[in-house]
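J.:
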Ligand code: EPU
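In this note's numbering, the protein residues as written are 34 to 378.
1. So, with DSSP's three-state summary, where would you put residue 358?
2. Would you say the region 131-150 touches the region 220-239, given that touching needs at least three Cβ pairs under 8 Å?
3. Could you check whether the Cβ of residue 381 sits closer than 8 Å to any heavy atom belonging to the ligand EPU?
4. Considering only the alpha carbon of each residue, which of 206, 99 and 53 lies closest to residue 73?
5. I need the boundaries of the alpha helix (DSSP H) containing residue 97, first residue and last residue.
6. Please determine, among 300, 270, 167 and 210, the residue with the shortest C-alpha to C-alpha distance to residue 234.
7. Return the chain-ordered list of same chain residues with a C-beta closer than 6 Å to the C-beta of residue 43, the five sequence neighbours on each side being excluded.
8. Quick check: the Cα distance between residue 35 and residue 69, rounded to an integer number of angstroms?
9. May I ask you to check if the CB of residue 267 is nearer than 8 Å to at least one heavy atom of the ligand EPU?
10. Would you call the CB atoms of residue 66 and residue 212 closer than 9 Å?
11. If we ignore side chains and look at the alpha-carbon of each, how far apart do residue 362 and residue 107 end up?
12. In chain order, what residues of the same chain have a beta carbon less than 6 Å from the beta carbon of residue 109, not counting five sequence neighbours either side?
13. With DSSP collapsed to three states, give me the class of residue 106.
14. Could you give the first and the last residue of the continuous alpha helix (DSSP H) run that contains residue 131?
15. Give the straight-line distance between the Cα atoms of residue 136 and residue 251, rounded to the nearest whole angstrom.
16. Going along the chain, which unbroken runs of the beta strand (DSSP E) with 3 or more residues stay wholly within the region 205-293?
17. So, residue 54 versus residue 63, is the Cβ gap smaller than 9 Å?
18. Are residue 181 and residue 150 closer than 9 Å when you measure CB to CB?
19. How should residue 271 be labelled, buried or exposed, when 16 other C-beta atoms within 10 angstroms of its C-beta is the threshold for buried?
20. In or out: residue 378 buried (at least 16 other Cβ within 10 Å) or exposed?
21. So, helix, strand or coil for residue 367, using DSSP?
22. Beta-carbon within less than 6 Å of residue 188's beta-carbon, same chain only, minus the 5 sequence neighbours each way: which residues are those?
23. Report yes if the C-beta of residue 318 is less than 8 Å from at least one heavy atom of the ligand EPU; otherwise report no.
24. Can you give me the Cβ contacts of residue 333 inside the same chain, cut-off strictly under 6 Å, excluding the 5 residues immediately before and after it?
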């Protein structure tokens, strides 16, 4: 295995920001992963697993340990369960998420279509419990295969072990312990779609010739790609990691108080309790912060929750800008917001 030194990380992130990794390697198998982990131990440096780099903000100073670029690949359709319409479909952690989603649909398995066009890798999907347009990936995960760095063993975790929540999972709390190598999904082939999310409902309502029962999973994929394309910035032009913050979840009491002051404030009850408020709406309608730039960093003109950067922007500028947003939201609403993007230094 080759361990490179002082590799610039900006090229590996969608923010296109960040200093260098002290050590860097590509890992294409579990044996290579073990070797990389042992290398970090021998050098007494921390390690960090890099997927698609789409949810990271890397400091201008970079990372002083080993960056392991996950390249374990492979996709396969496994056994069908007793329930004929359900099949296990598996992928290596290094597969690109959206290529995998397309492949499942082309092979006749539905479920992941609402999660189309999300950048990143299969291995990163469970960590974040990626979600969009009324679907979260945790609903479709049957088993996560991981390397446990505490016991040096390969382990299998079922969906319950993963403790999936809104943009949350056990992997975020046991940081660095488990390195995901493969993910198994339980997908269906009944062609059923979920178009309840407002943007999707509006999209198909505009197409008067189609009724809900005629909408296919592949059409939902096309709709999601279209909606995202129109609402999110072009990743080739701007540096961005999509939504920078999580939508806050508040108590009913807090929401009632805010609703008096801001009657138009949208809300979504959370299954786990509490009320989710779209932060994009707050930034836009309460703080008037949609489409504002400070130097090389700003909020996107069509979606205030999305932070964008111009080429050459520094991580420190992003930190200063987003801390200011946090302060303004706190002052206007009393809510402490939390970053969704992971800070690496
Ligand atoms: N809104 C505004 N102004 C804005 C932005 C949003 O008024 O500037 C309003 C919208 O009109 C809508 C509500 O806020 O009524 C929610 O907006 P949207 O549907 O765009 O969704 P979101 O809550 O801002 C979440 C995810 C996105 C995902 C979309 C679609 C989080 C943190 N973000 O955004 O995920 O694509 O829903 O399902 O939960 C990501 O994680 O990087 C990401 C892009």
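Beta carbons: idealized from backbone N, C-alpha and C, even for Gly.
Since we're looking at a predicted model, the values are computed, not measured.
T.: On the basis of the data shown:
1. helix
2. yes
3. As displayed, the chain neither begins before 34 nor continues past 378, which places residue 381 out of reach and without an answer.
4. Per the Cα distances, 99.
5. Per DSSP, residue 97 belongs to no alpha helix (DSSP H); it is in the beta strand (DSSP E), 96-103.
6. 167
7. 49, 50 and 51
8. If I take the Cα positions, the gap works out to 10 Å.
9. no
10. yes
11. 44 Å
12. 123
13. coil
14. 130-139
15. Rounded to the nearest whole angstrom, the C-alpha separation of residue 136 and residue 251 is 11 Å.
16. 211-221 and 272-276
17. No, the Cβ-Cβ distance between residue 54 and residue 63 is not below 9 Å.
18. Going by C-beta atoms, residue 181 is not nearer than 9 Å to residue 150.
19. buried
20. exposed
21. DSSP places residue 367 outside both helix and strand once states are collapsed to three, so it counts as coil.
22. Excluding the 5 residues flanking it on each side, residue 188 has same chain C-beta neighbours closer than 6 Å at 179 and 181, in chain order.
23. yes
24. 266, 339 and 341
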